[in-house]
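Numbered per our numbering, the sequence shown spans residues 1032 to 1154.
Data first, discussion second: the structure below is written as structure tokens.
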Amino acid sequence: MTHLKGVVVAHAGLAAAMIAAAEQIAGSDSGLVAVSNVDCDRGTLEEKITVAVGDASAIVFIDMPSGSCLVAAMRRLGERQGVRVVTGVNLAMLVEFIFHRDGEPDEVAEHIAAVGARAVAAR
């Protein structure tokens, strides 16, 4: 089983900042790549996401559950075998991904989404 690739797609510098924080916690061999929507029209953003994923099996993390980043990812990758899109990315998801990126994309995506949901709480 090969490691899954993780592509974090977000507004402004959020993707790079989240990856930096996750790597500070879990180590630099994260398998994560940042894609920003800065200065991108829809076509450019779609292309940047597609290039970042390449031919790999991957989890594509999106910052918001709607909007330009999600639309761009789904237009190019929504039906692609071996790629899953997970919205609402948070730091807990990325750290978990770093330690659990061996597996089938469907299983890893479901696990990561559950971890991310459990990380959100009102206290």
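Every residue gets a Cβ at the ideal spot worked out from N, C-alpha and C, and that includes glycine.
Drop a sphere of 10 angstroms on the beta-carbon of residue i, count the other beta-carbons inside from all chains shown, and report buried for 16 or more, exposed for fewer.
i     : result
P1096 : exposed
R1154 : exposed
E1078 : exposed
Just grab the DSSP bridge partners of residue i for me.
i     : result
K1036 : A1089
L1076 : DSSP lists no partner for L1076.
L1063 : G1037
Measuring CB to CB, does residue i end up less than 8 Å from residue j?
i     : j     : result
R1132 : G1044 : no
I1090 : A1104 : no
L1035 : S1088 : yes
R1111 : I1080 : no
Could you have a look at residue i and say whether DSSP puts it in helix, strand or coil?
i     : result
R1115 : strand
A1145 : helix
D1133 : strand
V1100 : This sequence places Cys at residue 1100; Val is not what is there. Residue state, collapsed to three classes: helix.
E1110 : coil
V1139 : helix
When you compare the stretch 1136 to 1146 with the stretch 1039 to 1058, are there three or more beta-carbon pairs, one atom per stretch, that lie closer than 8 Å?
The stretch 1136 to 1146 vs the stretch 1039 to 1058: no contact.
Touching or not, the stretch 1113 to 1120 and the stretch 1140 to 1153, by the rule of three or more beta carbon pairs under 8 Å?
These segments touch.
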